[in-house]
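Each remark here refers to the structure printed beneath this line.
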Amino acid sequence: MPEEIMPGVFRIKVTLPESPLKYLNSYVFKSDQRSLVVDTGLNRPECRQALEAGLAEIGVAPAGADYFITHLHADHFGLVGAMAGPESLVYFNQPDADILNSGLGWESVIEYSARNGFPADTLRPAIEKHPGKHFHSPRIPAMTILADGDEIAYGDYRLRALHTPGHTPGHLCLYDPAARLLVAGDHLLIDITPNIQCMSDDANPLGDYLASLEKTAALDVALVAPGHRRLWNDHRARIDELRAHHARRVEEAFEALRGGPLDAFQVAARMTWDIKCDSWEDFPLAQKWFAQAEALSHLRYLERRGEIDRLDEGGLTIFEIAA
1 MPEEIMPGVF RIKVTLPESP LKYLNSYVFK SDQRSLVVDT GLNRPECRQA LEAGLAEIGV
61 APAGADYFIT HLHADHFGLV GAMAGPESLV YFNQPDADIL NSGLGWESVI EYSARNGFPA
121 DTLRPAIEKH PGKHFHSPRI PAMTILADGD EIAYGDYRLR ALHTPGHTPG HLCLYDPAAR
181 LLVAGDHLLI DITPNIQCMS DDANPLGDYL ASLEKTAALD VALVAPGHRR LWNDHRARID
241 ELRAHHARRV EEAFEALRGG PLDAFQVAAR MTWDIKCDSW EDFPLAQKWF AQAEALSHLR
301 YLERRGEIDR LDEGGLTIFE IAA
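Residues in the sequence shown are numbered from 1 upward in steps of one, following the UniProt record's numbering.
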């Protein structure tokens with residue numbers, strides 16, 4: 001059942017089967033003209049049924065609405081190709097659009113993960129369990145690209161696009177200064193932490209994310225509407241918690257290297273993760289992949305600060321404490 005979180009703004013919980021995230025928060029800015037739907041869910045029947053039922057209950061026709069997608073991940077982007085009509089505007093960001101249109105796909109993900117130490121015999125099974133491989137949009141609709149600071153208006157709301165890279169290179173939030181509303185996507189989450197993955201030797205996603213936290217901390221916000229879990233009010237308190245969380249993770253990654261050079265998979269195995277498993281060996285394969293990608297983001301951050309070095313040993317990337 002849709003929940004009106006502000007006048008004319010509704011939250012629809014879109015189930016995410018077999019996911020620890022449980023559901024996606026899709027938001028609808030209802031208007032007498034065209035309404036705006038923020039994020040859609042995985043491209044699977046259960047998600048589509050939940051979103052369509054919620055839209056029907058508030059009187060919004062999917063094909064007659066416009067769509068704003070916060071970032072490229074399948075649990076946000078997956079249904080937009082099926083839901084958007086011929087006249088729908090689909091707002092997106094350029095960096096994530098470039099990734100979707102690059103054609104590199106999952107083979108490049110596999111190659112990069114292997115180069116950073118993920119065991120070859122379990123890598124493909126791990127990727128096969130990734131929801132993004134199976135439930136992304138089969139059709140990429142025409143997109144209207146928004147840059148940082150661009151504004152769109154729906155109903156009584158004037159929404160400003162905020163570029164908040166970190167979770168993905170192009171992640172966008174929406175902010176209405178008058179309503180003091182921040183639609184945060186996966187930039188800010190409560191109770192769980194956004195996954196900050198590194199998938200390129202040139203990227204520094206944790207550095208980007210910490211800068212994005214500084215940016216959103218400066219905003220005047222009364223309500224945070226995140227992509228998952230519950231809504232909350234004090235965004236600065238949560239930002240302080242997220243900063244402290246990543247400071248601990250950075251220290252863990254550094255300490256893992258005190259015994260000598262390691263690859264990112266080995267570092268991930270030595271870090272602390274909030275998962276109900278007795279040991280690293282018991283981790284589900286997909287969770288090991290997420291952990292390796294997050295460990296990489298912290299290693300890259302340390303590398304950019306000059307605290308560790310990155311080396312190539314016969315095609316395997318390893319890290320060691322800088323001399």
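All C-beta atoms, glycine included, are put in the ideal place defined by N, C-alpha and C.
Each of Leu262, Tyr27 and Gly117 was checked against the Cα of Pro7, and the nearest Cα belongs to Tyr27. In the three-state reduction of the DSSP assignment, Arg243 falls in the helix class, which pools H, G and I. Counting only residues of its own chain and dropping the five nearest sequence neighbours on each side, Arg229 has a CB closer than 7 Å to the CB of Leu189, Ile190, Asp191 and Ile192. The C-alpha of Ala323 is placed about 43 Å away from the C-alpha of Asp75. Secondary structure at Ala153: strand, using DSSP grouped into helix, strand and coil. For Glu313 against Leu257, the beta-carbon gap comes to about 15 Å, at or over 8 Å, which does not count as contact. If one requires a minimum length of 3 residues, the beta strand (DSSP E) runs lying completely within the segment 76-162 are 90-92 and 151-154, in chain order. Using a Cβ distance threshold of 9 Å, Gly41 and Thr15 count as a contacting pair. Within the model, the alpha-carbon separation for Ala211 versus Gly166 is close to 9 Å. Taking a contact to require three or more Cβ pairs closer than 8 Å, the segment 49-57 and the segment 84-97 do not qualify as touching. If you check the CB distance, Leu302 and Val250 come in under 9 Å. For Phe29, the enclosing beta strand (DSSP E) covers residues Tyr23 to Phe29. Under the DSSP assignment, Gly185 falls in the beta strand (DSSP E) whose first and last residues are Leu181 to Gly185. Minimum Cα-Cα distance from Ser31 among the listed residues Phe10, Glu107 and Arg236 corresponds to Phe10. Counting the other Cβ atoms within 10 Å of the Cβ of Leu316 gives fewer than 16, which makes it exposed. Cβ neighbours of Lys215 within its own chain (closer than 8 Å, five residues either side excluded): Leu162 and Thr164.
Shortest Cα-Cα distance from Ile110 to any of Ala126, Ile99 and Ser102 involves Ala126.
As DSSP reads the structure, Tyr175 sits in a beta bridge with Arg160 and Leu182. Between Gly227 and Leu24, the CB-CB gap stays under 9 Å.
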